[in-house]
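Residue numbering for the sequence shown is 1 to 464, as defined by the UniProt record's numbering.
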Amino acid sequence: MEEDKTHKKIEAKPELSGIIFGRPLLRRSTELINSLISLSQSIRVFAVKWQSIRSKLEELLSSLYAAGTSDSGENPSLSGAIPAILDTITECHDLARRCVDLSYSGKLLMQSDLDIICAKFDTHINNLSQICSEKLQRDSYAMVVSRPGFGASREEIKFYVNDLVSRMKIGGRELKKQALIAFNEVIHEDERYVKIAVEIESLIGFLVKFIDSREIAIQEEAVKAISVISGFDSGKSVLVCAGVIAPLIRVLESGSEVGKQVSTRCLMKLTENSDNAWSVSAHGGVTALLKMCTNCDCGGELVCGVLKNLVGVEEIRRFMVEEGAISVFVRLLRSKDEVSQINSIEFSSDNGLCGISEEAKKAMGDAGFMPELVKLLGAKIVKILALLLQFLDPEEANSGTRKFLLSILMSLTRCNSARKKIIHSGYLENIEKLAKAEVSDAKKLVRKLSSNRFRNMLSGIWHF
1 MEEDKTHKKI
11 EAKPELSGII
21 FGRPLLRRST
31 ELINSLISLS
41 QSIRVFAVKW
51 QSIRSKLEEL
61 LSSLYAAGTS
71 DSGENPSLSG
81 AIPAILDTIT
91 ECHDLARRCV
101 DLSYSGKLLM
111 QSDLDIICAK
121 FDTHINNLSQ
131 ICSEKLQRDS
141 YAMVVSRPGF
151 GASREEIKFY
161 VNDLVSRMKI
171 GGRELKKQAL
181 IAFNEVIHED
191 ERYVKIAVEI
201 ESLIGFLVKF
211 IDSREIAIQE
221 EAVKAISVIS
231 GFDSGKSVLV
241 CAGVIAPLIR
251 VLESGSEVGK
261 QVSTRCLMKL
271 TENSDNAWSV
281 SAHGGVTALL
291 KMCTNCDCGG
301 ELVCGVLKNL
311 VGVEEIRRFM
321 VEEGAISVFV
331 RLLRSKDEVS
341 QINSIEFSSD
351 NGLCGISEEA
361 KKAMGDAGFM
371 PELVKLLGAK
381 IVKILALLLQ
391 FLDPEEANSG
401 TRKFLLSILM
411 SLTRCNSARK
421 KIIHSGYLEN
431 IEKLAKAEVS
441 DAKKLVRKLS
451 SNRFRNMLSG
461 IWHF
């Protein structure tokens with residue numbers, strides 16, 4: 001019955017006689033559009049058509065908000081446009097009601113009617129955009145809707161966000177930048193703004209579009225906003241559907257340092273879903289990320305984080321090896337940055353480049369991976385040795401990774417200081433468990449650690 005009330009509320013065509021200049025008709029239009037968007041959510045037929053219509057309704061709503069805040073109500077062009085918009089909204093509501101009730105006479109006829117409605121909405125949107133642009137140029141409009149206070153209602157927040165969307169749409173370079181800065185401020189402070197932003201398709205579309213902006217400030221602000229939105233599950237799917245991955249990778253290739261770093265963080269969040277890993281690879285993301293590692297760009301930890309998400313897909317792992325990933329990570333091992341060294345070992349061991357194939361392992365040997373590890377022990381980087389031992393957890397390590405790590409540790413035991421560090425690391429228990437489980441490489445390693453003057457430390461445990 002609630003739905004019937006909604007139908008009646010919109011079905012009654014508003015009185016258009018005696019139209020006066022002012023805001024009531026603008027308010028009426030926005031109310032009807034919001035109700036129509038809500039009603040359309042319950043439609044189960046012509047899903048693609050209604051998705052397109054909802055997108056146009058959101059854009060029309062943003063345009064009306066822009067008109068309502070940028071005009072005093074005395075613009076004849078605007079006043080003349082609103083009655084036609086109300087007619088189209090009423091007509092669209094009638095179609096929505098028939099789709100909900102399944103009372104339309106035929107599919108082809110309804111498809112034709114929906115196409116006509118879409119065309120009408122496009123015309124209204126273009127007209128409003130022209131009206132707002134002319135007003136903006138004529139009056140140098142710069143009035144800003146006040147930011148809602150703490151505890152503001154959802155409607156107040158949505159009105160504010162839509163005003164920002166209007167500025168992104170019709171404003172010049174500076175107005176766009178200021179709107180993006182204001183948007184970033186609110187989404188960092190209150191997640192309600194993020195939830196509402198995800199519902200406004202035109203806003204997501206603008207943010208994705210701005211990633212390719214030639215204005216560095218606009219690009220960086222857009223990527224910052226997307227980074228916040230990508231932290232929400234609802235936001236990830238909307239961003240991916242809006243085509244965010246390709247422009248993010250373009251930023252990795254040619255953006256500013258800030259843009260690259262934030263874009264990498266976005267991709268790390270998005271690739272937590274393996275389905276998105278394919279999209280990153282398809283758009284050249286693997287090559288771009290490996291190049292960033294080679295150049296030591298923008299935080300190796302973030303880059304390795306994305307690559308670790310991608311390496312879980314076997315075909316992408318193989319492609320990484322073909323693209324020279326092993327030599328890249330050996331170069332990281334040779335760097336003087338401890339974080340880069342740890343990231344290199346963690347990436348190469350965890351989830352595994354080392355567990356791909358004999359060819360990959362041979363490539364690691366040819367690239368000098370193990371000698372570099374021995375050098376690191378000489379430099380007394382205890383974190384790296386602990387990391388290797390930690391990865392030997394019998395409950396987590398796969399057989400390929402385990403065999404590779406044990407071979408590394410076996411090489412390291414040639415050095416007395418390395419053997420001491422292994423024994424006193426706190427992770428010796430992992431090796432012991434593997435030896436008890438009859439893992440031959442682990443048993444060899446225990447024998448090596450138990451020999452000579454180290455035998456006393458493990459006396460009575462192993463008898464081979």
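For each residue, glycine too, the CB sits at the ideal point set by N, CA and C. Please read these numbers as outputs of a predicted model, since none were measured by experiment.
Under DSSP, the alpha helix (DSSP H) around residue i begins and ends at which residues?
| i | result |
| --- | --- |
| G300 | 300 to 310 |
| Y160 | 154 to 170 |
| Q219 | 216 to 229 |
| Y193 | 191 to 199 |
| L26 | 24 to 40 |
| S254 | 245 to 254 |
| I43 | I43 -> no alpha helix (DSSP H), and no H or E assigned at all. |
| G259 | 257 to 270 |
Return the CA-CA distance between residue i and residue j, expressed in angstroms with no decimal places.
| i | j | result |
| --- | --- | --- |
| K420 | E432 | 16 Å |
| I157 | E221 | 20 Å |
| L57 | E174 | 27 Å |
| S62 | V186 | 18 Å |
| R54 | C241 | 15 Å |
| S440 | T413 | 16 Å |
| A246 | M168 | 21 Å |
| S105 | R317 | 54 Å |
| I229 | A435 | 47 Å |
| I196 | I226 | 14 Å |
| R192 | W50 | 26 Å |
| V100 | C118 | 18 Å |
| K444 | E322 | 33 Å |
| N351 | M320 | Note on N351: pLDDT 49, under 50, position unreliable in the model; the coordinate value appears next. When rounded, the distance between both Cα atoms is 13 Å. |
| G243 | A277 | 14 Å |
| V280 | V313 | 12 Å |
| K236 | K308 | 19 Å |
| L332 | G324 | 13 Å |
| I33 | L114 | 16 Å |
| G255 | E91 | 46 Å |
| I423 | M410 | 13 Å |
| G205 | S103 | 34 Å |
| I43 | F150 | 35 Å |
| L207 | N126 | 20 Å |
| N430 | K448 | 15 Å |
| D94 | D87 | 11 Å |
| G300 | L64 | 45 Å |
| L60 | Q341 | 53 Å |
| E31 | E155 | 11 Å |
| A182 | D190 | 12 Å |
| L428 | L406 | 12 Å |
| R27 | F159 | 11 Å |
| V198 | V446 | 56 Å |
| N273 | C304 | 16 Å |
Any idea if residue i is buried or exposed, counting beta-carbon neighbours within 10 angstroms, 16 or more meaning buried?
| i | result |
| --- | --- |
| A47 | exposed |
| L109 | exposed |
| I10 | Any answer about I10 is weak, because its pLDDT of 38 lies below 50 and its placement is not dependable; what the coordinates show is given next. That one is buried. |
| S29 | buried |
| G80 | exposed |
| N295 | exposed |
| A437 | exposed |
| H124 | buried |
| V45 | exposed |
| H188 | exposed |
| G172 | exposed |
| I218 | buried |
| K107 | exposed |
| N343 | buried |
| residue 482 | This structure leaves residue 482 out entirely; the chain is present only between 1 and 464. |
| I326 | buried |
| S234 | exposed |
| S153 | exposed |
| residue 465 | Within the shown structure, residues of the chain are numbered from 1 to 464, placing residue 465 beyond reach of any answer. |
Since residue i contacts residue j with CB under 8 Å, what's their CB separation in whole angstroms?
| i | j | result |
| --- | --- | --- |
| L267 | V311 | About 14 Å separates the two Cβ atoms, so there is no contact after all. |
| A96 | L39 | 5 Å |
| V194 | V223 | V194 to V223, Cβ: 15 Å. No contact. |
| L290 | V328 | 5 Å |
| T264 | L302 | 4 Å |
| L25 | I82 | 5 Å |
| V161 | I200 | 7 Å |
| G231 | K269 | 6 Å |
Inter-stretch contact (C-beta, 8 Å, three-pair minimum) for the region 165 to 180 and the region 203 to 223: Taking 8 Å as the limit for Cβ pairs, the verdict is that the region 203 to 223 does touch the region 165 to 180.
Any 3 or more C-beta pairs closer than 8 Å across the region 144 to 151 and the region 124 to 132: no
Cβ contact check for the region 275 to 289 and the region 241 to 259: 3 or more pairs under 8 Å: yes
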